[in-house]
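Chains A and B are the protein sequences, given in the same order. Using my numbering, the first residue of the first sequence is number 2, and each one after it goes up by one. Using my numbering, the first residue of the second sequence is number 53, and each one after it goes up by one. Even glycine gets a Cβ: it sits at the ideal position worked out from N, Cα and C. Computed from a predicted model, the values in this text were never measured in an experiment. Below is one structure, written out as structure tokens, with a few remarks after it.
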Amino acid sequence: MACVALVFTACVQDLDTKPIDPNSSTSFNQDRMFTKCYACMAVIGQSDPGSDSDVEDIDAGMSGFYRTIWYCNDLTTDEAFWIWDDDESRGLPTTDWTGESGMIKGIYTRLNLNIKYCNHYLTYAGSESQEEKYRLAEVRWIRALHYFYLMDMFFYAPMVTAESNEYPHFLSRHEIYKWLVNELEEIIPLLPAERITKYRVGKSAAQLLLARIYLNADVYNKYNKDWTANKMWDKAQATAQAVISENPHHSLVTEKVVTDSGFVYSAYQRLFMGDNDRDDVIKEAIFQIYQDGLYTQSHAGANFLVAGPRYGGMTAWGIESEWHALRTSPTMVDKFIKPLGMDRTTAEQKIYDEYEMPTILKDDRAIMCSYGLNTTDAKNFALVGDMKVGSNDCFYSSWAGTKFTGVYSTASLPKYSPRQNASWADTDLPLMRLAEAYMIVAEAKARKSGNWNDALENVNLLRARANADPLTKMDEETMLDEWSREFWFEGRRRIDLIRFDRFFGGNADRYSYHWEGRMGSPDGKQWYKSNTPEYRNWFPVPSEDKRSNPNFKTDVEGDANNIFAAEGGDGYAY
Amino acid sequence: MKKSNYNIFRTLSIALLLMLGTAAYAQITVNGTVIDAANDEPIIGASILEVGTTNGTITDFDGNFTLSVQVGAKLSISYMGYKTQVLNADPKMFVKMSEDSELLEEVVVVGYGVVKKNDATGSVTAIKPDEMNKGLQTNAQDMIQGKIAGVNIATDGGTPGGGATIRIRGGSSLNASNDPLIVIDGLAMDNNGMPGVSNPLAMVNPNDIETFTVLKDASATAIYGSRASNGVILITTKKGKAGQKMKVSYDGNVSFGSVLKHLQVLTADELRAYALGTGQSRNANYYLMNDNVDWFNQIYRTAISTDHNVSITGGMKTDVADMPYRASIGYTLNNGAVKGSQMQRVTASLNLNPSFLDNHLTFNLNAKGMYIYNEYEPGISGAYLDKDPTEPIYSTGNLTNIYGEPILVGETDGTKYYLTKEELDAHWGGYFQPLGTSSNAAGPYDDPTWMYSLKGQANPLAQLEHQSNTSKAGQFVGNLDATYKVHGFEDLVMHANFGADYIFSRRTDANSPFGTASHYTGWNGAEQKMKYNLQFNCYVQYGHDWEKANQHFDIMAGYEWQHFYNEYESHGNGMYPLTYIGDVTKAGKPAYSSQSSGKGENYLVSFFGRMNWIGWNQVMLTATIRGDGSSRFSRDHRWGVFPSVALGWKIKESFLKDVNEIDDLKLRLGYGITGQQDGIGDYSYMPSYTQTTGHYSYYPVGGSNYATEDNDANIVDQVVDANGNVLYISDRPNAFNPNLTWEKTTTYNAGIDFSFLNNRISGAIDYYFRNTTDLLNSVIAPMGTNFRKRVTSNVGSLQNQGVEFSINAVILDYGKRFKWDFGYNVTWNENKITKINGEDFMIDGWGYGGEGLGGKSITKFAVGYATNTFYLYEARKGTRADGSQYWYIIDNNKDGNIDVQDKVFKHNPVAPVTMGFQTKFQFYNFDLGLSFRANIGNYVFNNVVSTRLQNVPIGQLARNGYYSNLPVDVFNTYYVDGYNRTIWDETGTTILSNAEASITDRFLENASFLRCDNITLGYSFSKSKISGRAYCTVSNPFVITKYSGLDPEIGLGGVDNSIYPRSMTTILGINLQF
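Next up, the structure:
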């Protein structure tokens, strides 16, 4: 009997299993978790680019950090169209997204999950050696970067700063702002003065992020009772200036490349090429997300920007993938054409590829291609209003934005570019680059003095690098255009439009920006006519999180400071 | 074999006679013969006993016996399975024994034991396969389809060896498993699928099955506890009988299958007329060609299949042991209707049932083996719907377009590339294929000798030749089961069972570099899986009849241990040809390799017990309890307790005793709880990490600055990229839920069994109510609380209730001259989700569809609706003043926007009413059988139409530079004023963009149907040495339905994506016994 009892006990103990899969483990591995904190911004998960994404419920290829941000910040604006009709992009180009929209859920989940990974690392990682201390500071920076995006995109966000399975509380924008400023000021001295390797971050990244937050401080504090408007220009300017002056290892890329065959890749172009991680190019990057055709593949990284606008017949772009999906908006094109006194019809007399267009438009940054343009449609579509998702007419009505390419600067001609993989680009994503610091200094200075011409110095510095003629005078809208000319398709347009009060909810006359041809609005006028409410300046917390986190009711709906609740609590407001 | 048997028996008989003869003092000597009344064959080994003494003998090989007995003695002649006879001793005796069929049929198998059918208290349906009325039975599930009330079998289509979903009384789960537990000869099978093996039933040869028993209500299933929420199917295979003469039987057939119905598409002429007639520019029609290809006939064929089975059954008998045996071997070749699809299977089984020590110790050894080989068609079953019929098949066809020009496919660096026979022969295996060229000067593949890339749709025949997708799987299932009746205390029976189920499967996919799937590099991939499942159980049973008091009582207690293990590994790579110049170091070397692997295991430990009491042969009470511990739950939530109780009242035996018209009337009431833990991960409750696998998600940050603890040798921790960056793998913390626990289903059941008119009419009616709580599903966790958005949790409740009715009747019975019987069953089931935690949650269901929405769920789990209810926009057709028509979406919430809030819940893919009907006529030696099945009220989303409607405008038809084709129905019926994305507002004046117009209820159709499963005509014969039957069956001859698609039965997801069509099959078969 005792023997039997022993057997039973032994068998019952069988129920205490541990994973036996060599691909999984139960112990915390500090090194691998550290890698994850960076990799979660570059790839979608642990295996291949098409499956098992960290983020569920949206297309795996769209679930990455960069692409979710890009969709929310660029597809909602006057810069870009995405032609495919899918759940993810639906609602963004037409400004009728809701808490159920695919990409809103996608970005919210991606940002919060990445924060969760960071918190896991910060809770369990050691802090003995200097390297460990650097790593902790870097992961804190990554977390801050994610909170910056959460704050910027959502009015309220769940705040978690350590490993926990409790329901998190929601903080409002200005509360997160306060936390972020403290956090970044705290980690600036903890970060290495110079980044340890070119794919990690150093002090400059925290400084630039802080400068960016200061620059937008009024936006985040608009509903903060204790806030005095315009008080952060000084700090924005100083912090951005510190990025430039305190980090001599960073500098703008100013060298063009002339190949054996005499082909020229401009300095600006080199920032977005297959070999943009060369030491002399990556020095402009404050933080660059690595991509590799063989080992770090992502549809949500460089690939969607390289393959997205391409289709057969265009000048070679380094890889074979062609998606036939991404186009610039005509308004974007106008930003380069109009200052030259041209109109699109003139520019479209001849089809130019992206290596000719900068010369035609006298600006190295106009890396666009009018190949495949249906000029009849292009002339007409502003009248017809046929810019709609899923429409080929739409695709052929506008230019391709071909700034990102898989071509190497070592290629004598683009079509002879080496590549590692026919389907995946090696092009890294410069998420933050030094040029932004120059722009922040320019804008903060001008806003502080009230004289936009104070921005000329730095703006012209960047224009000179791009071989564009210097400007002689500035105004508010030129400044906003200049942000677009320098950073178009880099996933930040929405932020700038809001800071200039030219997104939604402002006065109708602010909309001298015609978002021409914007989907559903032939002349772009529908947007101010219909007086799109201010809450479109941020995205609603996805309904699924509202419902599943009981704190939402008290923290958000019950927030005494919540002006939207007071106004009757429009369902989309937060 | 025969000769040696004869000798053994003769020797033994003589020896026995000598031994016994010396003990007796002779009065008279009886010489007798015992034969089987049914076929006049001698019965070997029948026992002859002088009543009241120990004097006896057994019959020899010819059925003869000799025994000396006292004058006036009575002899008892007995043989297992036959009715015992007591006769007066005579010098010459001739005894005809008949099978005790009642005895055999009375017993039904239940969990861990058997019970007399009369005494069963649960809802148990046992059927013996009808040898005469069967259709094409490739898989065991084919034998019960439509035959048992409450059991719904949905096959996935006509793929050879294709899977099927079995649902008993509706599904009780959402995303945990809804599959019933399948127990074969006492061994519970693991339900998780393997490539090439659709489900555990695939491993049993239908010809080996003796009985199918379905345990439906919890009072019957609770003894299986945690795995029994969805019912239990018990299969017992055929066995030999003690002393039975060796019998050999052969079953074989040949069948001819062809697809009768397919969707009509535009012919080449119609397509050309449409293209040329719509004012398309010459440029747009540039790729239209001159051929007339009927792609359906190119892809489909008349499939000839065959099936052979041989079995040997018998029973050796010695003085120490009875040794019944049965061995069988079967071979099935099933060719699919689509060229290139095939299934071949070999099965073998061996049953040995020796009994020793005067039947006190019996063993039951079952061993089954299966080997299955599948060839899969390369995804071309629906290609005929879209493939341009104007294109030739081979490079030898006319390669000019309708304007008679050679086709220019591109221009690179001033070189013009034309579509030529030389190119097609050199790089496309001689098949015609629409082509394009690349902007890359070195060609699309960095190889100047391969300058063309694929455009348009792949040529299905080329795919057939250039792609090979096969799987091989082998399975062994064996168990040894021992029962010992304690000597001197026969009321106590001890029982032990050891079993193992081992299965190995390997799928290989090879694509030639000439093919379209992996053009240029080709692909060689393999995926292999192995799993086993070990089991041990033992139980002790005590039972006693107090005959005077007319009471019976038995009690059983047992223990079970199960271990489930699985592993998989997959790898594959393409190969760069030597002419590759993209990276010369890679020429002739592998390209794009992939690999992954994994392992998992889980344990179940259980204790169980049952108590039966039968009083006065009228009242029956059964109570069971089982405790299950699963390694899938944390210690705090590990154990589940599953009790049941059932009450039976034999009304017939109480006040209806004297009513002769009623043979049986029994009331059954049952209650019980069962559990579920299948379908969730093995380690979902504990924290763990997933490492980077494959080669695509490395990152150049990190590295071992510190010693790491668990560096596994199998993992490549780092790689170096082309620039010398070191790239590392990472760890992702997995979501986990320490509170995870059992899903539980409580079932109430009330039923009546009846049998009238000398058993001419019999049947049962049951009502059940099932409430499942703590449903397991992956649900959304609030952000910040877990490492993924979706976490497996216990989320809510659902209910099933239903009524089942079945009846079997012999309508006419004139003995061998004419007999007509029929069986009918009907089930009504209602399924409703009653609770989902976290307010008004809605969870994605199983149906995916819509144009460009292949990965989007269009069915939902929502409170108040059936599981997997469609969730769609409502579209209506309007007519403008000018008579033109348009579709609009109803703005249900009247907010002026068409958005997700306008969707409505509507219908679901599962039929609330299902029924089956079989009838059989026997006329002398001829028999005619028919089987029908009907589903009423099931709905299907016609995704074949929904996804193709966008192609109707001619510009869309040619949008990839090459033409595609369309089903005529899509063209004619559905196409009203614009393709499906063009949805107008209600007034028909403004186009509403941005509405998911392809997922409207416009494509939702009632798919109720009546299907004739088979019609069989047979002729039986019986000669002295041989008997048998020849038959002809037409399987699946017709379906009556209003559904506009190919087949209304499309599996449980509810979305028709053009299934592999089911064939109508004509079978010619013969069955012989020697």
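In this structure, the alpha-carbon of V831 of chain B lies about 53 Å from that of T501 of chain B. Residue environment for K581 of chain B: buried (at least 16 other C-beta atoms within 10 angstroms of its C-beta). In this structure, DSSP gives S570 of chain B a state outside helix and strand, which the three-state scheme calls coil. Each residue's CA atom was taken as its position, placing T535 of chain B and L404 of chain B some 14 Å apart.
Collapsing the DSSP output to three states places L192 of chain A in coil. Within the segment 773-799 of chain B, the residues whose Cβ lies closer than 8 Å to some Cβ of chain A are D773, A774, N775, N777, L779, Y780, I781, S782, D783, R784, P785 and N786, listed in chain order. Q350 of chain B sits in a helix when the DSSP states are folded into three classes. In this structure, D335 of chain A sits away from A467 of chain A, with a CB-CB distance that is not shorter than 8 Å. N113 of chain A sits away from T745 of chain B, with the two beta carbons spaced by 8 Å or more. The criterion of a C-beta distance shorter than 8 Å is satisfied by T1117 of chain B and F308 of chain B. Judged by pairs of C-beta atoms under 8 Å, the segment 242-249 of chain A touches the segment 205-213 of chain A, as three or more such pairs exist.
Secondary structure at G854 of chain B: strand, using DSSP grouped into helix, strand and coil. Collapsing the DSSP output to three states places A1082 of chain B in a strand. With a beta-carbon spacing of about 6 Å, Y940 of chain B and G930 of chain B fall inside the 8 Å limit used to define contacts. Three or more beta-carbon pairs separated by less than 8 Å link the segment 223-239 of chain A to the segment 440-459 of chain A, which places the two stretches in contact.
When C-beta atoms of the segment 678-691 of chain B are compared with those of the segment 715-731 of chain B, three or more pairs fall below 8 Å, so the two segments count as touching. The continuous beta strand (DSSP E) containing N204 of chain B extends over residues V203 to T207. The beta strand (DSSP E) runs of length 3 or more contained entirely in the segment 370-422 of chain B are, from start to end of the chain, 373-387 and 394-404. Per DSSP, the unbroken alpha helix (DSSP H) holding A272 of chain B starts and ends at A270 to T273.
Under a 10 Å Cβ-count criterion, I356 of chain B is classified as exposed, with fewer than 16 other Cβ atoms of the shown protein chains found around its own Cβ.
Contact with chain B is found for P50 of chain A, since one of that chain's Cβ atoms lies less than 8 Å from the residue's Cβ. Per DSSP, the continuous beta strand (DSSP E) segment holding T911 of chain B begins and ends at T911 to A914. The DSSP assignment places complete beta strand (DSSP E) segments of no fewer than 3 residues inside the segment 445-480 of chain B at 460-464 and 467-470, in order along the chain. Listed along chain A, the residues sitting closer than 8 Å to H747 of chain B by beta-carbon distance are L295 and Y296. Residue contact check for R33 of chain A against chain B: a CB pair falls below 8 Å. Its Cα nearest to that of P785 of chain B, the residue B:Y735 stands out among B:Y800, B:Y735, B:D1108 and B:E621. Among the residues facing chain B, Q292 of chain A is not included, as its CB has no counterpart in that chain under 8 Å away. Rounded to whole angstroms, the gap between the alpha carbons of V138 of chain B and Y819 of chain B is 45 Å. The segment 163-172 of chain A makes contact with the segment 539-559 of chain A; the number of CB pairs closer than 8 Å reaches 3 or more. Within the same chain, K363 and R464 come within 8 Å of D470 of chain A by CB-CB distance, once the 5 residues on both sides are set aside. Taking each of B:Y900, B:A816 and B:N852 in turn and checking the Cα distance to V878 of chain B, the smallest one comes out for B:A816. DSSP lists B:F984 and B:F1090 as the bridge partner or partners of C1064 of chain B. Two segments are said to touch when three or more pairs of C-beta atoms, one from each, lie closer than 8 Å; by this definition the segment 771-785 of chain B touches the segment 29-42 of chain A. K236 of chain A is outside the set of residues whose beta carbon lies under 8 Å from a beta carbon in chain B. Here L151 of chain A has L112 and A158 as same chain residues with Cβ atoms under 6 Å from its own Cβ, once five neighbours each way along the sequence are excluded. Contact between N453 of chain B and Y339 of chain B holds: their C-beta atoms lie close to 6 Å from each other, under 8 Å.
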